[in-house]
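>
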Amino acid sequence: MSLLYYILLAFGGLLVIYVLTSWFVTKKKINEYNSTENKLETFAQGIKSKLSLWVFYFSGGQRKNILQNSVISILSFLAFFAINVSYIHIDRLTFSIIFVFVFVMLIWKLGQRRNRKIFNNVFPEVIQILIAASSSGAGLLQGLERCGQELTGQLGAEFRNIHRRLAIGEDPIAVFDESYTRYPYKEFYFFITIVRTNLSKGGQIKEVISRLGRVIADSTKMEKKKKAMTSEARMSAMIVACFPIGFFIFMKFTMPENFEFITTDPTGRYVLYYVFGSVAFGMLIIWGLMRKST
Numbered sequence: 183m184s185l186l187y188y189i190l191l192a193f194g195g196l197l198v199i200y201v202l203t204s205w206f207v208t209k210k211k212i213n214e215y216n217s218t219e220n221k222l223e224t225f226a227q228g229i230k231s232k233l234s235l236w237v238f239y240f241s242g243g244q245r246k247n248i249l250q251n252s253v254i255s256i257l258s259f260l261a262f263f264a265i266n267v268s269y270i271h272i273d274r275l276t277f278s279i280i281f282v283f284v285f286v287m288l289i290w291k292l293g294q295r296r297n298r299k300i301f302n303n304v305f306p307e308v309i310q311i312l313i314a315a316s317s318s319g320a321g322l323l324q325g326l327e328r329c330g331q332e333l334t335g336q337l338g339a340e341f342r343n344i345h346r347r348l349a350i351g352e353d354p355i356a357v358f359d360e361s362y363t364r365y366p367y368k369e370f371y372f373f374i375t376i377v378r379t380n381l382s383k384g385g386q387i388k389e390v391i392s393r394l395g396r397v398i399a400d401s402t403k404m405e406k407k408k409k410a411m412t413s414e415a416r417m418s419a420m421i422v423a424c425f426p427i428g429f430f431i432f433m434k435f436t437m438p439e440n441f442e443f444i445t446t447d448p449t450g451r452y453v454l455y456y457v458f459g460s461v462a463f464g465m466l467i468i469w470g471l472m473r474k475s476t
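Quick note: to get our numbering, add 182 to the position in the sequence shown (first position is 1).
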């Protein structure tokens with residue numbers, strides 16, 4: 183009997199070990215599946231967010247500008263394509279790929295710069311409007327509504343959209359997260375953190391907004407000081423970058439034989455590509471140094 187008892191006990195222990203092992207293996211597979219699914223979902227959301235932001239930059243924050251800007255872009259492509267066929271003679275497919283890449287990056291960079299400039303110019307008015315609204319006894323939603331009414335341009339439209347969505351009961355986290363993707367700046371992040379905290383827990387928003395306004399003013403002064411210190415170096419880099427382009431145009435009219443050599447002869451094109459490639463590489467180095475210094 184004792185032997186049978188030990189056999190049953192051993193069998194039960196092995197059964198428990200088998201069940202636990204199977205459970206851990208199944209759990210691991212489920213977690214791996216969820217992890218892969220989450221990564222794919224995050225990647226897709228990131229691509230969608232970047233695409234929406236690019237369209238936002240391309241249209242200048244106004245959907246009605248998409249058609250107009252699209253026509254201008256097509257005309258620009260045709261003009262550069264004609265210049266390439268007449269003078270540069272790059273393969274048409276290669277030229278189209280280069281143009282699309284440069285166009286996408288140019289819209290992205292110029293859109294970021296324009297967006298930042300608009301934000302820096304208009305956002306201090308948002309702070310002042312909210313301070314005035316809180317001083318008069320108005321609530322936070324009323325202050326946001328007043329921002330949308332008194333501000334013009336794309337930032338005014340942004341606050342009108344924020345107020346409209348909050349007024350109909352949408353989740354403040356989703357509303358402000360979507361707005362932050364269009365204005366991913368630390369000042370706006372602090373602002374929406376203050377607003378979300380006030381909406382959920384209440385509190386004296388006037389004092390906090392006033393402190394944020396002072397911090398933004400000090401930060402703006404510091405940025406202007408940095409730009410003033412590096413303005414001479416940036417201007418020198420732009421002048422140096424214009425030399426090859428100016429000389430290229432000058433060669434067209436004064437040395438047509440040499441111009442034909444570097445634009446039509448395969449060996450001459452290597453010289454042309456080297457010149458413009460080295461200038462572009464040098465500008466990237468200068469741009470990187472400027473970013474590190476500021």
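All C-beta atoms, glycine included, are put in the ideal place defined by N, C-alpha and C.
#1: Could you give the C-beta distance for ARG364 and GLU340, rounded to a whole number, given that I count them as a contact under 8 Å?
#2: With DSSP as the reference, label ASP400 as helix, strand or coil.
#3: Going by the CB atoms, is the gap between GLY330 and ARG347 shorter than 8 Å?
#4: Please state whether the Cβ-Cβ distance between VAL390 and ILE376 is less than 8 Å.
#5: Should LYS383 be listed as close to the ligand NAD, given that the test is whether its C-beta is under 7 Å from any heavy atom?
#6: On the three-state DSSP scale, how would you describe ASN216?
#7: So is ARG328 buried or exposed if we call it buried at 16+ other beta carbons inside 10 Å?
#8: For TYR362, collect the residues of the same chain with a Cβ closer than 7 Å to its Cβ; drop the 5 residues on either side in sequence, then sort them by chain order.
#9: Measuring CA to CA, which of PRO366, THR436, ILE421 and PRO438 is closest to VAL461?
#10: Determine the extent of the alpha helix (DSSP H) in which VAL286 is found, giving its start and end residues.
#11: So, is SER318 buried or exposed, given that buried needs 16 or more other C-beta atoms within 10 angstroms?
#12: Do HIS271 and THR402 count as a contact pair if the criterion is CB distance below 8 Å?
#13: State yes or no: is the C-beta of LEU260 within less than 8 Å of the C-beta of PHE301?
#14: Is PRO306 near ILE398, with beta carbons less than 8 Å apart?
#15: Take LYS230 as the anchor and find which of GLU360, SER268, ALA349 and GLN310 has the nearest alpha-carbon.
#16: How many angstroms separate the CA atom of SER252 from the CA atom of ILE444?
#17: Could you check what DSSP says for ARG451 in three-state terms: helix, strand or coil?
#18: So, at 8 Å on beta carbons, what are the nonlocal neighbours of GLY351 in its own chain, with the 5 sequence-adjacent residues on each side left out?
#19: According to DSSP, simplified to helix, strand and coil, what is ILE350?
#20: Who are the Cβ neighbours of TYR367 in its own chain at under 8 Å, not counting the five residues just before and after it?
This is what the structure holds:
#1: Locating residue 364 in the sequence shown gives position 182, counting from the first residue. Locating residue 340 in the sequence shown gives position 158, counting from the first residue. With a Cβ gap of about 7 Å, ARG364 and GLU340 count as contacting.
#2: Taking the first residue of the sequence shown as position 1, residue 400 is located at position 218. Here ASP400 sits in helix by DSSP.
#3: Mapped onto the sequence shown, residue 347 falls at position 165. Mapped onto the sequence shown, residue 330 falls at position 148. No.
#4: Residue 390 sits at position 208 when you count from the first residue of the sequence shown. Residue 376 sits at position 194 when you count from the first residue of the sequence shown. Contact flag set, yes.
#5: With respect to the ligand NAD, the structure offers nothing, as it holds no ligand at all.
#6: Residue numbering aside, residue 216 sits at position 34 when the sequence shown is read from its first letter. With a pLDDT of 49 at ASN216, under the threshold of 50, the modelled position of that residue is not reliable, and the figure given next carries that caveat. ASN216 carries a helical assignment under DSSP once its states are collapsed to helix, strand and coil.
#7: Numbered from its first residue, the sequence shown carries residue 328 at position 146. Only buried fits ARG328, as 16 or more other CB atoms lie within 10 angstroms of its CB.
#8: Within the sequence shown, numbered from 1, the residue matching residue 362 stands at position 180. Cβ neighbours of TYR362 beyond the five flanking positions: PHE370, TYR371 and ILE374.
#9: For this step, residue 461 is matched to residue 279 along the sequence shown. Closest by alpha carbon: ILE421.
#10: As a working note, residue 286 is residue 104 in the sequence shown. 274-317 is the extent of the alpha helix (DSSP H) around VAL286.
#11: Position 136 of the sequence shown, counted from the start, is the residue given in the question as residue 318. SER318 is exposed by the Cβ-count criterion.
#12: The sequence position of residue 402 within the sequence shown is 220, counting from 1. The sequence position of residue 271 within the sequence shown is 89, counting from 1. Contact flag unset, no.
#13: Looking up residue 260 in the sequence shown gives position 78. Looking up residue 301 in the sequence shown gives position 119. For LEU260 and PHE301, no; Cβs fall outside 8 Å.
#14: Taking the first residue of the sequence shown as position 1, residue 306 is located at position 124. Taking the first residue of the sequence shown as position 1, residue 398 is located at position 216. Yes. Within cutoff.
#15: If you number the sequence shown from 1, residue 230 lands on position 48. When C-alpha distances from LYS230 are compared across GLU360, SER268, ALA349 and GLN310, the shortest belongs to GLU360.
#16: Here residue 252 is taken as the residue at index 70 of the sequence shown, counted from 1. Here residue 444 is taken as the residue at index 262 of the sequence shown, counted from 1. Using only the alpha carbons, I get a separation of about 33 Å.
#17: Within the sequence shown, residue 451 is the residue found at index 269, counting from 1. DSSP places ARG451 in helix when its eight states are reduced to three.
#18: As a first step, residue 351 must be located in the sequence shown, where it is residue number 169. Counting only residues of its own chain and dropping the five nearest sequence neighbours on each side, GLY351 has no CB closer than 8 Å to any other CB.
#19: Walking along the sequence shown from the start, residue 350 turns up at place 168. Here ILE350 sits in coil by DSSP.
#20: Start at 1 with the first residue of the sequence shown, and residue 367 comes out as number 185. Result list for TYR367: ARG298 and PHE301, in chain order.
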